[in-house]
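Student: To start, I am sharing the structure in question, which I have written as structure tokens.
Numbering (our numbering), first residue to last: 47 to 173.
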């Protein structure tokens, strides 16, 4: 298989190239194809697991955010809204009482005014 070797500097290179082409190169190619096939499959499995893991993590995070939002609304927003409606009703009652008090004072003042400036009142001649 080896060509006739002659003592010269290029003979070494020729011998190395023949050995490489006939013995090393096929082994190298077989190793590369086996490694690439196994590595590609392993990489595909790895990235598929990463993708599934990220999807489940996103789903879990969204579920936790939703649960946290519901818990916040039940503990903070619900009582706040209840207190807000109670305060709003209380303030409305206060305004209603003030208005009623003012109307009562006006009515009493009107009666007293009519009493004082009426025909039998003390201030009848002053107006």
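Just so you know, even glycine gets a beta-carbon here, dropped at the ideal spot from N, CA and C.
State the CB to CB distance for the pair residue 170 and residue 164, rounded to an integer number of angstroms; the pair is presumed to be in contact (CB under 8 angstroms).
Tutor: Sure, about 7 angstroms apart at Cβ, within 8 angstroms.
Student: In chain order, what residues of the same chain lie with their CB nearer than 7 angstroms to the CB of residue 111, ignoring the 5 residues before and after it?
Tutor: Answer for residue 111: no residue qualifies.
Student: Roughly how many whole angstroms lie between the Cα atoms of residue 97 and residue 76?
Tutor: Taking the straight line joining both Cα atoms gives about 31 angstroms.
Student: Quick check: the Cα distance between residue 167 and residue 159, rounded to an integer number of angstroms?
Tutor: If you take the alpha carbons of residue 167 and residue 159, they lie about 9 angstroms apart.
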